[in-house]
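Residue numbers (the working numbering): 13 to 530.
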């Protein structure tokens, strides 16, 4: 489960977008985990109709995933199924990145595709027909050529994987086998595959294959979902037959979510991958120049990497790198020898992959460097230059240093170094260990080091807290703007203040993605 500040941030975003009632239901799911409708009613003390409407909104906007599990039946009874609802924390946080997602598509595919994507981001899930209606609402009539142009632009979004078909609305999840004892599980833990939680299994069962997710529209007149036998069998766990009666998903919810037409949504994973590429290229460009940024961008684009958290090295052939570089502004003037020099600067490894010369680069090392730079800048801002030098020394070396040695290497007075180290340790930026040295009589020494995993978690929590504060301030200004507009006063000062806060939140979110999504 995410940190408390992260959960509060998610609830704040839902409140700003959908109101207090929907936020109350979402908060219940975020803090208590997966729940059935009756459990949500008990915990929130809202009426059944209110909760169903809230769930409809959350599912429509891809903030909640429903799935069904069997309900134990009494002797001789028929086993039924109960619908469970789980909040999708990642998808909720993505709501504050919509402006970035739109910018990605605008730069890549143009403003017409951006308009179509905006419809999906604003409405969550739509059929292509609904997108057409939205895009042509201001037109007196829609011609066949206009609809065909929209279809072509929409297929460009699908082909580029910015848009995908929605996952299955309510997969059926069989219970895990309970025959194994805890001791047996412990003994076999090292040899067996990782046991997935029921939520993870639900996400796997709901997911479509890539062929289904990115299947383009071929007929604009009749866009129907390709159900057939596969759609019915897909709701059952792999390897199992349906053993239970019709799923008991609440009728109102089921009627609104389950459609006879294909529903589409934004593919957040693709946008994260694009933003990761942007972060890596910006870092390389700042260190090695524009040409190095163009080479790295060409490598990433030709590698076919599909997930932002994929830690495998990016691989590309020299031919694909050349082709990608020459498609960039100014890339046509770059010679083969110049590109090879840049690949050496980036510490790319030559590898046997594909036809001809190939190279690989570890993007994880670039992200690690970006994370280090972010935390070092934070230390510089909060603790000053001397603390920055000390922290940089410790994070670069990665092993413990004694106080006197730190003071000598960082050119800081020993007394000042002790105070700085204590402050960094108190604020959880450093780890401290006491040891006793017997080299020249008994002496107590303090060893200091940076534990990255713990520090990164601490920094992430601080980023959540800062983003929460900014989002709450923005929400407060929006309320003030509404009150001022009703009094017919000029709200320019409030609007300018809100824009500054929104830009700050976007920049803060860059750091948030760096530590959480990349």
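Cβ atoms here follow ideal geometry from the backbone N, Cα and C, with glycine treated the same way.
All figures in this text were calculated on a predicted structure; none of them were measured in a lab.
| Check | Outcome |
| --- | --- |
| For residue 145, the three-state DSSP class (helix, strand or coil) | helix |
| DSSP three-state assignment for residue 513, whether helix, strand or coil | helix |
| Beta-carbon separation (whole angstroms), residue 184 vs residue 78, contact threshold 8 Å | 11 Å between Cβ atoms; not a contact. |
| Range covered by the alpha helix (DSSP H) that runs through residue 116 | 110–121 |
| Among 165, 36, 274, 517, the one whose alpha carbon lies nearest that of residue 54 | 36 |
| Classification of residue 179 by the beta-carbon crowding that lies within 10 angstroms, buried from 16 upward | buried |
| Buried or exposed by the 16-neighbour rule on C-beta atoms within 10 Å, applied to residue 524 | buried |
| Residues bridged to residue 448 (per DSSP) | 456 |
| Sequence-distant residues of the same chain with beta carbon closer than 8 Å to residue 406, five excluded per side | 413, 418, 442, 460, 461, 462 |
| Reference residue 63; option with closest CA among 113, 81, 34, 43 | 34 |
| Cβ-heavy atom distance, residue 183 to the ligand FMN, below 6 Å | With respect to the ligand FMN, the structure offers nothing, as it holds no ligand at all. |
| Limits of the alpha helix (DSSP H) - the one that residue 55 falls within | 49–56 |
| Residue interval of the alpha helix (DSSP H) (run including residue 408) | 397–409 |
| Nearest candidate by alpha-carbon position, reference residue 465, set 503, 393, 380 | 380 |
| Inter-residue spacing [alpha-carbon to alpha-carbon] between residue 486 and residue 514 | 7 Å |
| Residue 529, DSSP secondary structure in three states | coil |
| Integer Cβ distance of residue 162 from residue 121, believed to fall under 8 Å | That belief does not hold up - the Cβ atoms of residue 162 and residue 121 are roughly 13 Å apart, past 8 Å. |
| contact_flag[the segment 302–315, the segment 324–344] where n(CB pairs < 8 Å) is 3 or more | yes |
| Reduced DSSP secondary structure (H/G/I, E/B, other) of residue 311 | helix |
| Distance between beta carbons of residue 111 and residue 518, contact taken as under 8 Å | 7 Å |
| Option nearest residue 481 by Cα separation, candidates 432, 16, 21 | 21 |
| Rounded straight-line distance, which links the Cα of residue 492 to that of residue 499 | 11 Å |
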